[in-house]
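*Asks:*
4 protein chains.
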Amino acid sequence: MKKNRLEAFSDGVLAIVITIMVLELKVPHEARLEALWPIFPVFLSYVLSFVYVGIYWNNHHHLFQVAKRVSAGVLWTNMHLLFWLTLFPFCTAWLGENHWMPMPAAVYGFVLLMAAIAYALLQRAILANEGKQSLLGQALGSDWKGKLSPVFYLIAIPLCFWNPWVSMSLYTLVALMWVIPDRRIERVLDLHEAEARLRDGE
Amino acid sequence: MKKNRLEAFSDGVLAIVITIMVLELKVPHEARLEALWPIFPVFLSYVLSFVYVGIYWNNHHHLFQVAKRVSAGVLWTNMHLLFWLTLFPFCTAWLGENHWMPMPAAVYGFVLLMAAIAYALLQRAILANEGKQSLLGQALGSDWKGKLSPVFYLIAIPLCFWNPWVSMSLYTLVALMWVIPDRRIERVLDLHEAEARLRDGE
Amino acid sequence: MKKNRLEAFSDGVLAIVITIMVLELKVPHEARLEALWPIFPVFLSYVLSFVYVGIYWNNHHHLFQVAKRVSAGVLWTNMHLLFWLTLFPFCTAWLGENHWMPMPAAVYGFVLLMAAIAYALLQRAILANEGKQSLLGQALGSDWKGKLSPVFYLIAIPLCFWNPWVSMSLYTLVALMWVIPDRRIERVLDLHEAEARLRDGE
Amino acid sequence: MKKNRLEAFSDGVLAIVITIMVLELKVPHEARLEALWPIFPVFLSYVLSFVYVGIYWNNHHHLFQVAKRVSAGVLWTNMHLLFWLTLFPFCTAWLGENHWMPMPAAVYGFVLLMAAIAYALLQRAILANEGKQSLLGQALGSDWKGKLSPVFYLIAIPLCFWNPWVSMSLYTLVALMWVIPDRRIERVLDLHEAEARLRDGE
Chain A
1 MKKNRLEAFS DGVLAIVITI MVLELKVPHE ARLEALWPIF PVFLSYVLSF VYVGIYWNNH
61 HHLFQVAKRV SAGVLWTNMH LLFWLTLFPF CTAWLGENHW MPMPAAVYGF VLLMAAIAYA
121 LLQRAILANE GKQSLLGQAL GSDWKGKLSP VFYLIAIPLC FWNPWVSMSL YTLVALMWVI
181 PDRRIERVLD LHEAEARLRD GE
Chain B
203 MKKNRLEAFS DGVLAIVITI MVLELKVPHE ARLEALWPIF PVFLSYVLSF VYVGIYWNNH
263 HHLFQVAKRV SAGVLWTNMH LLFWLTLFPF CTAWLGENHW MPMPAAVYGF VLLMAAIAYA
323 LLQRAILANE GKQSLLGQAL GSDWKGKLSP VFYLIAIPLC FWNPWVSMSL YTLVALMWVI
383 PDRRIERVLD LHEAEARLRD GE
Chain C
405 MKKNRLEAFS DGVLAIVITI MVLELKVPHE ARLEALWPIF PVFLSYVLSF VYVGIYWNNH
465 HHLFQVAKRV SAGVLWTNMH LLFWLTLFPF CTAWLGENHW MPMPAAVYGF VLLMAAIAYA
525 LLQRAILANE GKQSLLGQAL GSDWKGKLSP VFYLIAIPLC FWNPWVSMSL YTLVALMWVI
585 PDRRIERVLD LHEAEARLRD GE
Chain D
607 MKKNRLEAFS DGVLAIVITI MVLELKVPHE ARLEALWPIF PVFLSYVLSF VYVGIYWNNH
667 HHLFQVAKRV SAGVLWTNMH LLFWLTLFPF CTAWLGENHW MPMPAAVYGF VLLMAAIAYA
727 LLQRAILANE GKQSLLGQAL GSDWKGKLSP VFYLIAIPLC FWNPWVSMSL YTLVALMWVI
787 PDRRIERVLD LHEAEARLRD GE
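Chains as they are written, first to last, in our numbering: chain A, 1 to 202; chain B, 203 to 404; chain C, 405 to 606; chain D, 607 to 808.
1. Tell me, please, whether the region 471 to 485 of chain C touches the region 516 to 528 of chain C by the rule of three or more beta-carbon pairs shorter than 8 angstroms.
2. Which residues of chain A have a Cβ atom closer than 8 angstroms to the Cβ of proline 634(D), listed in chain order?
3. Could you pull out every residue in the same chain whose Cβ sits closer than 7 angstroms to the Cβ of methionine 505(C), ignoring the five residues on either side in sequence?
4. Out of Asn408(C), Trp498(C), Val455(C), Ser414(C), state which residue places its alpha-carbon closest to the alpha-carbon of isoleucine 443(C).
5. If you draw a straight line from the alpha carbon of isoleucine 382(B) to that of tryptophan 346(B), how long is it in whole angstroms?
6. Here's a check: name, in chain order, each residue in its chain whose Cβ is nearer than 6 angstroms to the Cβ of cysteine 766(D), leaving out the five neighbours to either side.
7. Alpha carbon to alpha carbon, how far is valine 446(C) from arginine 207(B)? Give it in angstroms, no decimals.
8. Do glycine 618(D) and glycine 12(A) have their C-beta atoms within less than 7 angstroms of each other?
9. With a cut-off of 7 angstroms, does the C-beta of histidine 503(C) fall near any C-beta of chain D?
10. Keeping to the same chain, check which residues put their C-beta closer than 7 angstroms to that of phenylalanine 64(A); ignore five residues upstream and five downstream.
11. Starting from the beta carbon of arginine 409(C), find every residue of chain B whose beta carbon is closer than 7 angstroms, and list them in chain order.
12. Please return the same chain residues whose Cβ sits closer than 6 angstroms to the Cβ of methionine 607(D), not counting the five positions on each side in sequence.
13. Measure from the alpha carbon of leucine 112(A) to the alpha carbon of each residue in Glu130(A), Pro89(A), Gly131(A), then state which is nearest.
14. Check each candidate in Trp259(B), Ser273(B), Ser212(B) and name the one with the smallest Cα separation from glutamate 332(B).
15. Between which two residues does the alpha helix (DSSP H) harbouring tryptophan 504(C) extend?
16. Under 7 angstroms, Cβ to Cβ, is there at least one residue of chain A near threonine 279(B)?
17. Listing by chain order, which chain D residues have their CB less than 7 angstroms from the CB of phenylalanine 494(C)?
18. Just to confirm, are threonine 92(A) and methionine 21(A) a CB contact at a threshold of 7 angstroms?
19. Return the CA-CA distance between alanine 358(B) and isoleucine 319(B), expressed in angstroms with no decimal places.
20. Inspect the beta-carbon positions of leucine 427(C) and tryptophan 461(C) and report whether they are closer than 7 angstroms.
21. Using a Cβ cut-off of 7 angstroms (strictly closer), state whether proline 306(B) contacts chain E.
22. In this structure, how does DSSP classify aspartate 182(A) when only helix, strand and coil are distinguished?
23. Whose C-alpha, out of Ala532(C), Leu429(C), Glu438(C), Arg436(C), is nearest the C-alpha of valine 451(C)?
24. Distance cutoff 7 angstroms, beta carbons only. Does threonine 490(C) sit that close to anything in chain B?
25. Could you tell me the alpha carbon to alpha carbon distance between histidine 668(D) and isoleucine 661(D), rounded to whole angstroms?
26. Give a yes or no on whether the minimum CB-CB distance between isoleucine 16(A) and chain D is below 7 angstroms.
27. Can you list the alpha helix (DSSP H) stretches of 4 or more residues lying completely in the region 252 to 296 of chain B, in chain order?
28. Find the residues of chain C that neighbour isoleucine 626(D), judging by a C-beta separation of less than 9 angstroms, and give them in chain order.
29. Using 7 angstroms as the threshold, is the C-beta distance between isoleucine 420(C) and isoleucine 218(B) below it?
30. Looking at the C-beta of leucine 170(A), does it have a partner C-beta in chain B at a distance below 7 angstroms?
31. If we call anything under 7 angstroms between Cβ atoms a contact, is alanine 641(D) one with tryptophan 690(D)?
32. So, does the CB of asparagine 58(A) fall closer than 7 angstroms to a CB anywhere in chain B?
33. Strictly under 7 angstroms for the Cβ-Cβ distance: is aspartate 788(D) near chain C by that measure?
34. Cβ of phenylalanine 649(D) less than 7 angstroms from any chain C Cβ?
35. So, is the C-beta of leucine 639(D) closer than 7 angstroms to a C-beta in chain A?
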């Protein structure tokens with residue numbers, strides 16, 4: 001029962017975060033199509049953030065499906081994750097309003113990085129309850145996506161000051177990596193993992 | 203259990219979309235009844251969008267009642283539908299603020315069209331899981347409403363540049379088509395479908 | 405299961421309505437206590453509306469506890485009720501910003517009246533499904549509060565143009581009538597109802 | 607079942623309160639890092655309020671886990687608690703916008719105090735239903751945190767007019783007292799309580 005309420009609260013926060021971002025699409029006063037151009041970068045940022053929140057909801061959903069117990073540590077690491085996700089509307093709006101300038105793009109990347117770290121901490125807190133041999137431990141495997149994403153953000157953040165479009169492309173690439181089921185890559189990695197496990201005698 | 207959380211998240215987003223639209227009814231500074239007139243088109247747009255979100259919630263509710271499994275495809279087609287629905291507050295406000303001018307009316311119709319397509323994709327993703335012979339397959343039948351609505355939108359969008367009131371009437375007509383139980387029409391169409399099925403040997 | 409989702413959606417809308425109203429408490433730029441005075445009428449209106457939404461949530465909760473089936477009629481009368489309740493933030497803000505002037509007070513009363521009518525229609529739709537002999541039919545009894553409230557609003561609305569404070573007191577009186585358990589009054593009325601039922605041979 | 611819906615409604619309100627606060631982080635128009643400095647106090651206030659709402663959600667969650675019945679008293683004391691919590695976004699924004707000046711800091715403390723009192727009333731209402739010998743009665747024990755917090759607020763509020771930073775530190779201290787599991791302190795106090803109970807012959 002405990003788990004249900006944590007899920008419901010997280011669902012509520014994520015649903016509001018995803019919907020509040022659209023409030024930053026300021027309604028233009030003119031009725032011409034050209035009036036929509038200035039808000040186009042805001043719209044693009046909105047799409048990217050929408051996909052990111054969707055990914056977090058999706059992963060959160062899967063994570064708690066295999067989780068059995070909710071400890072105090074899980075409650076607060078979950079709150080910590082929600083904290084960084086509530087900053088998405090602010091970062092998205094700043095990024096969009098300034099047409100993808102270096103500093104807002106870097107701050108956007110920083111919040112993506114912190115959310116990724118918060119998610120990893122939440123995952124670790126749940127794993128500590130469930131045990132490495134648990135369903136979750138097996139489902140995660142080497143968690144290459146979870147480990148690769150922060151590396152991409154760390155590369156993308158300094159690149160913002162050289163060319164923010166390159167950084168934005170990297171952020172988008174990470175999002176696509178999570179959305180696309182990528183069976184081929186996963187099959188290869190699954191094999192790789194299976195071999196690694198055999199080697200480690202697991 | 204999976205299904206429950208997807209429903210809860212979608213309910214959350216739809217509840218926020220429906221309530222955020224009312225924030226676009228800017229409170230007039232004067233205390234006279236006449237002060238409400240300038241926001242009357244915004245109010246009318248709000249009513250139409252409220253009814254549309256109500257219809258989507260209603261249909262979403264029915265769709266998932268017969269769905270049994272939630273695949274990755276269902277999760278992301280559902281996210282895609284929610285994306286277009288979150289754009290309702292923006293379009294409604296732009297339409298209302300410009301007193302139903304051609305371009306905002308066309309963009310409003312475009313978002314209605316994209317939401318209808320997104321709903322059809324979600325339906326297809328669920329149907330792919332359940333099978334055509336399933337309860338859903340039977341409940342949908344020929345799905346004449348789902349097929350007719352995009353046609354109406356496609357006719358209404360270009361008509362905006364001739365007379366946006368005609369287009370708005372068409373949008374309203376589609377909404378009414380979904381709200382009114384229309385037993386007579388449905389009975390006729392049910393018969394038609396029954397005959398068609400017999401002919402096709404289903 | 406159907407019922408659960410309708411409750412969840414209504415809970416979502418009511419939770420957002422109640423929280424969105426507080427956004428109308430515009431943060432003053434000065435840090436002195438006097439800076440809070442201009443928003444004091446907005447605050448008072450907020451308190452009254454908060455109590456009203458609380459009453460509606462409370463009654464909605466009780467109503468659906470005894471309801472067993474959710475028909476299309478119940479779905480749409482519920483949507484209709486939610487529509488009028490989403491107008492609460494707008495009316496509350498207009499009333500507060502104009503320091504309880506006649507017209508905003510009358511419009512506030514009108515929305516209260518429409519919400520009361522919408523609630524009665526929802527109750528009737530549920531009762532039509534359940535039957536008068538059902539648990540709900542018995543629990544409602546003569547429903548004197550539900551019948552008296554619209555009368556009070558109808559008296560209060562024209563009085564706004566004479567003295568809005570009298571009308572606001574009437575609105576508050578109706579709210580108190582619902583909040584206070586009033587055992588004595590209810591006991592008398594229960595007796596009255598019991599006698600009436602005996603007379604009618606129920 | 608009753609309990610579930612009260613929890614869902616409260617979760618909804620708390621999720622919206624926590625997310626609405628971030629709307630007060632006004633997006634700066636410039637793209638430089640320095641443009642974020644003026645909103646830094648707003649951000650700090652947001653973090654503190656986020657933690658407070660998190661604590662209230664956490665405690666609310668635990669409280670209702672041991673509660674079995676939901677009476678009218680519980681419904682309305684819960685509404686009363688939610689009322690004070692919905693004022694958090696306003697107070698947080700006023701505090702942040704005025705860079706932690708005395709009066710906003712005092713009003714912030716007053717709302718914290720009222721929320722703490724409301725929570726105590728809710729706890730008492732539930733305890734009245736369950737009985738002192740119940741699981742809740744035992745789980746609460748002497749409830750030293752619940753008793754100490756209002757004392758801290760009462761000390762902190764007048765101190766705002768001397769130095770608001772001292773008051774803000776006290777508010778933060780109370781928050782940390784609830785977040786940190788403080789096993790050592792609790793073990794000591796548990797012993798103290800155990801002794802006290804023995805003395806009182808419980």
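Every residue, glycine too, gets a C-beta built ideally from N, C-alpha and C.
*Replies:* Short version:
1. yes
2. Ordered by position in chain A, the residues that pass the 8 angstroms Cβ test against proline 634(D) are Trp94.
3. Pro568
4. Cα-wise, what sits closest to isoleucine 443(C) is Trp498(C).
5. 15 angstroms
6. Pro708, Ala711, Ala712, Ser773
7. 37 angstroms
8. A contact, by the Cβ cut-off of 7 angstroms.
9. no
10. Lys3, Glu7
11. Glu209, Asp213, His263
12. Reliability of the predicted coordinates at methionine 607(D) is poor, the pLDDT of 47 falling under 50, and no value is obtained from them.
13. Pro89(A)
14. Ser273(B)
15. Neither: tryptophan 504(C) is in no alpha helix (DSSP H) and is coded neither H nor E.
16. no
17. Here the premise fails: no neighbours, minimum Cβ distance about 17 angstroms.
18. yes
19. Going from the Cα of alanine 358(B) to the Cα of isoleucine 319(B) covers about 16 angstroms.
20. no
21. Looking at the structure shown, chain E is missing, and the protein chains on hand are A, B, C and D.
22. Caution applies to aspartate 182(A), whose pLDDT of 49 falls short of 50 and renders its modelled position unreliable; the value that the coordinates give is listed next. Residue state, collapsed to three classes: coil.
23. Leu429(C)
24. yes
25. Straight-line Cα distance between these residues: approximately 11 angstroms.
26. yes
27. 274 to 288
28. Thr423, Ile424, Val426, Leu427
29. yes
30. no
31. no
32. yes
33. In this prediction, aspartate 788(D) scores a pLDDT of 49, lower than 50, which makes its location untrustworthy; the coordinate-derived value is nonetheless stated afterwards. False, the Cβ-Cβ gap to chain C never drops below 7 angstroms.
34. no
35. yes
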